[in-house]
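Structure first, then comments.
Residue numbers (full-length UniProt numbering): 1 to 297.
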């Protein structure tokens with residue numbers, strides 16, 4: 001992360017103006033900014049005497065990708081009350097400012113261990129027991145926005161068929177509605193002195209708990225036995241559904257997860273031209289085509 005003083009180029013003037021406006025006691029000359037690069041957005045770490053913050057800007061493109069800082073602020077307020085998320089300080093003038101939570105990011109190996117020992121399942125079950133935030137996930141609108149953002153030259157006939165299918169198809173009937181994080185992976189798992197915390201809530205919204213579980217299973221490439229153990233760990237903390245019922249519901253959500261991830265990769269490639277974002281697309285296409293044949297059969 002590169003550090004900047006208030007007088008250096010690159011610091012958004014609107015951010016400094018927002019800090020001066022809503023935190024008038026802060027001495028701006030003592031503040032240092034560090035650019036934090038994420039997978040889909042940039043943030044600013046803000047340091048000074050008694051200050052350790054993170055600032056995240058709302059942009060029109062990010063909004064079309066499903067990022068809503070006002071919604072993120074609401075979810076952070078709700079989840080910081082139960083120590084699952086950092087404390088939000090401000091949502092004003094297009095800037096979200098959050099306390100920088102002490103702790104360290106989980107390593108990939110630690111994340112796999114926390115999947116295996118039930119810690120990720122415990123955190124998710126705690127999240128999924130909370131009341132809805134009032135910000136529901138609108139998948140079909142999100143899909144339509146993703147379609148507009150991707151490279152038109154990559155809209156193949158197969159992808160067009162998938163797009164039409166997911167616009168017309170009925171969503172799976174929810175098993176249970178709850179707040180979802182929707183971006184749980186090693187870099188968003190913070191190990192703190194108080195326990196495990198989730199960060200980067202920019203995609204969080206209300207939806208079916210099985211949709212989030214399907215995301216975890218897909219992203220972690222869980223084998224059958226590992227998936228069963230993960231769901232058993234989850235079910236121990238969140239009663240009301242059998243493991244087999246959770247598995248059935250997750251299976252219904254897999255195609256929707258695959259399509260959402262595929263389109264996210266397409267958008268990120270369009271924005272960055274980084275070929276890494278294209279690496280997993282063939283496998284996602286294959287799974288979607290196989291699912292479509294099953295739907296037709």
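The beta-carbon is built from N, C-alpha and C at its ideal position, and this holds for glycine as well. A quick note: this is a predicted structure, and the numbers were derived from the prediction, not measured.
- In this structure, residue 99 lies near residue 87, with their beta-carbon atoms less than 7 angstroms apart.
- Nearest C-alpha to residue 62 among 117, 21, 146, 115: 146.
- Judged by DSSP in its simplified three-state form, residue 43 adopts strand.
- Taking each of 148, 158, 270, 84 in turn and checking the Cα distance to residue 125, the smallest one comes out for 84.
- CA-CA distance, residue 141 to residue 68, rounds to 14 angstroms.
- Fewer than three beta-carbon pairs drawn from the stretch 90 to 98 and the stretch 222 to 236 are found closer than 8 angstroms, and the two stretches are therefore not classed as touching.
- Ranking 112, 171, 91 by CA distance to the CA of residue 222 puts 112 first.
- By the 16-neighbour rule on beta-carbons within 10 angstroms, residue 78 is buried.
- For residue 144 and residue 160, the gap between their C-alpha atoms comes out near 12 angstroms.
- The three-state reading of DSSP puts residue 97 in strand, counting E and B together.
- Within 10 angstroms of the beta-carbon of residue 194 lie fewer than 16 other beta-carbons, which makes it exposed.
- The criterion of a C-beta distance shorter than 7 angstroms is not satisfied by residue 267 and residue 213.
- Here the C-alpha atom of residue 273 lies approximately 37 angstroms from the C-alpha atom of residue 173.
- CA-to-CA, the gap between residue 188 and residue 148 works out to about 28 angstroms.
- The C-beta distance from residue 263 to residue 150 rounds to 7 angstroms, short enough to fall under 8 angstroms.
- Inter-residue distance for residue 181 and residue 108 is about 19 angstroms (C-alpha atoms, whole angstroms).
- Excluding its 5 nearest sequence neighbours in each direction, residue 287 has C-beta neighbours in its own chain below 7 angstroms: 258, listed in chain order.
- Within the same chain, Cβ atoms closer than 6 angstroms to the Cβ of residue 178 are found at 128, 209, the five residues on either side in sequence being excluded.
- Under the 10 Å beta carbon count, residue 52 is surrounded by fewer than 16 other beta carbons and is classified as exposed.
- The criterion of a C-beta distance shorter than 7 angstroms is not satisfied by residue 74 and residue 15.
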